[in-house]
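Enquirer: What follows is a single structure, and I will ask about it in a moment.
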Amino acid sequence: MTELWELLQFLFLGLFQGFTEPIPISSSGHLKIVQEFMNIDLPGLTFEAFINFGSLLAVLVIYRKDIFLLVNHASDYVFKKNEEYKSDFTYLLLLVVATIPAGLLGVFFEDLFGESFAEVKYVGLMLIFTGIALWIIRNLKGYKDDTEITLKDAIIIGLAQSLALAPGISRSGATVVAAMLVGLKRDSALRFSFLMYIPVSVGTTIFAVDDLVGNPEVSSQFILYIIALLAAIVSSYFALLLFINIMKSGNLKYFAYYCLIAGVLVFFLL
188 MTELWELLQF LFLGLFQGFT EPIPISSSGH LKIVQEFMNI DLPGLTFEAF
238 INFGSLLAVL VIYRKDIFLL VNHASDYVFK KNEEYKSDFT YLLLLVVATI
288 PAGLLGVFFE DLFGESFAEV KYVGLMLIFT GIALWIIRNL KGYKDDTEIT
338 LKDAIIIGLA QSLALAPGIS RSGATVVAAM LVGLKRDSAL RFSFLMYIPV
388 SVGTTIFAVD DLVGNPEVSS QFILYIIALL AAIVSSYFAL LLFINIMKSG
438 NLKYFAYYCL IAGVLVFFLL
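With the sequence shown counted from 1, adding 187 to any position gets you my numbering.
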């Protein structure tokens with residue numbers, strides 16, 4: 188019975204974190220809420236990073252055509268001097284620039300952020316903040332496409348991504364909000380947000396490898412980790428498709444409602 192409960196727990200956490208990672212409601216914040224509300228002992232940051240890899244794979248699958256064209260065109264510009272693809276090379280550089288703030292803050296201050304916002308009430312406040320931000324941009328349509336993103340835009344979106352180090356601030360929510368506020372169209376905002384997620388997620392996975400390899404706890408639960416990973420891949424895939432469809436239909440208000448209601452309930456009841 189204990190083994191079955193442990194299996195169900197890892198399956199649930201994989202599905203739950205995988206589903207909440209791409210959509211703008213903060214996966215880290217919701218994990219804290221689950222831990223508090225259901226009294227579940229979470230496996231730890233190593234597990235979160237491992238499951239985050241599942242979400243990364245889902246993003247790679249959905250945006251595989253964009254990634255292939257971007258890398259292929261950028262390399263043609265660099266090695267074949269094809270001026271037609273200069274905009275793709277520039278876009279790639281802007282993605283790199285946008286990942287720097289969160290990368291630097293994550294390396295040096297992630298523990299500080301985690302300790303400062305350890306109480307679940309802070310998660311409630313950050314969810315309220317996320318809900319307000321989503322409400323502000325709910326009707327924006329934007330006017331800039333991928334070729335019109337500036338260095339200033341990339342820096343602003345990158346700084347917004349760094350806010351997600353605080354549990355309750357959604358990474359995808361913060362970046363999409365920032366992208367929409369600087370004028371990007373909805374599809375361009377989504378694309379830039381999730382393409383810049385890739386290097387950050389890869390970095391998180393690499394840092395977690397040392398903890399995974401040789402960890403006796405992970406070794407004893409390897410099958411459970413794999414089950415959670417597979418669950419995360421599937422749930423992240425469908426969650427991201429849901430987010431894309433909601434963005435296209437202009438219904439971000441529903442995420443705003445959810446974050447506001449969840450934030451208020453968490454702040455006053457937990």
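From the three backbone atoms N, C-alpha and C, an ideal C-beta is built for every residue, glycine too.
Please state the DSSP three-state secondary structure of Lys331.
Expert: strand
Enquirer: Between which two residues does the alpha helix (DSSP H) carrying Arg358 extend?
Expert: 358-368
Enquirer: By alpha-carbon positions, which one of Leu447, Lys252, Ala419 ends up nearest to Ala245?
Expert: Per the C-alpha coordinates, the member of Leu447, Lys252, Ala419 positioned closest to Ala245 is Ala419.
Enquirer: Between which residues of its own chain and Ala415 is the CB-CB distance below 7 Å, once the five residues before and five after are set aside?
Expert: Phe197, Leu198, Leu200, Gly201, Ile238
Enquirer: For the region 322-332 and the region 352-370, state whether three or more C-beta atom pairs, one from each stretch, are separated by less than 8 Å.
Expert: yes
Enquirer: May I ask you to verify whether the region 325-340 touches the region 265-281, counting CB pairs closer than 8 Å and requiring at least 3?
Expert: With the cut-off at 8 Å, the region 325-340 and the region 265-281 touch.
Enquirer: Looking at the secondary structure, which residues open and close the alpha helix (DSSP H) in which Gln408 lies?
Expert: That residue, Gln408, is in no alpha helix (DSSP H); it is neither H nor E in DSSP.
Enquirer: Considering just the uninterrupted stretch of the alpha helix (DSSP H) at Arg251, what are its terminal residues?
Expert: 251-267
Enquirer: Kindly indicate which three-state DSSP category Leu427 falls into: helix, strand or coil?
Expert: Here Leu427 sits in helix by DSSP.
Enquirer: Since Leu338 is in the alpha helix (DSSP H), which residue starts that stretch and which ends it?
Expert: 338-349
Enquirer: Taking only the alpha-carbon atoms, compute the straight-line gap between Ser357 and Leu428 and give it to the nearest angstrom.
Expert: Taking the straight line from one Cα to the other gives about 17 Å.
Enquirer: Quick check: Leu456 and Ile315, are their CB atoms within less than 8 Å of each other?
Expert: no
Enquirer: Who are the Cβ neighbours of Ser452 in its own chain at under 6 Å, not counting the five residues just before and after it?
Expert: Checking the displayed sequence, the identity of residue 452 turns out to be Leu instead of Ser. Counting only Cβ-Cβ distances below 6 Å, and skipping sequence neighbours, we find nothing.
Enquirer: Using a Cβ-Cβ cut-off of 6 Å (strictly less than) and excluding sequence neighbours within five positions of Val387, which residues of its own chain qualify?
Expert: Thr286, Ala289
Enquirer: Tell me the rounded alpha-carbon separation between Tyr412 and Phe203.
Expert: 14 Å
Enquirer: Contact check, Gly205 vs Ser422 under 8 Å by CB: the rounded distance?
Expert: Taking a contact as a CB-CB distance under 8 Å, the pair Gly205 and Ser422 counts as one, their CB atoms being some 4 Å apart.
Enquirer: Can you list, in chain order, the residues of its chain with a C-beta nearer than 8 Å to that of Lys331? Leave out the 5 residues immediately preceding and following it.
Expert: Asp340, Val369, Gly370, Leu371, Lys372, Ser375
Enquirer: Between Phe234, Ala261, Leu218, Val364, which lies nearest to Phe394 when the distance is taken from Cα to Cα?
Expert: Phe234
Enquirer: Determine the direct distance from the alpha carbon of Thr334 to that of Tyr264, and round the result to whole angstroms.
Expert: Using only the alpha carbons, I get a separation of about 15 Å.
Enquirer: Would you list the one or two residues that DSSP bridges to Leu371?
Expert: Bridge partners of Leu371: Lys331.
Enquirer: If you run the structure through DSSP and keep just helix, strand and coil, what is Gly318?
Expert: Gly318 falls in the helix class under three-state DSSP.
Enquirer: On a Cα-Cα basis, can you pick out the residue from Leu292, Pro209, Lys267 that is closest to Gly241?
Expert: Comparing Cα positions, the closest option is Pro209.
Enquirer: Report yes if the CB atom of Ile220 is closer than 8 Å to the CB atom of Val307, and no otherwise.
Expert: yes
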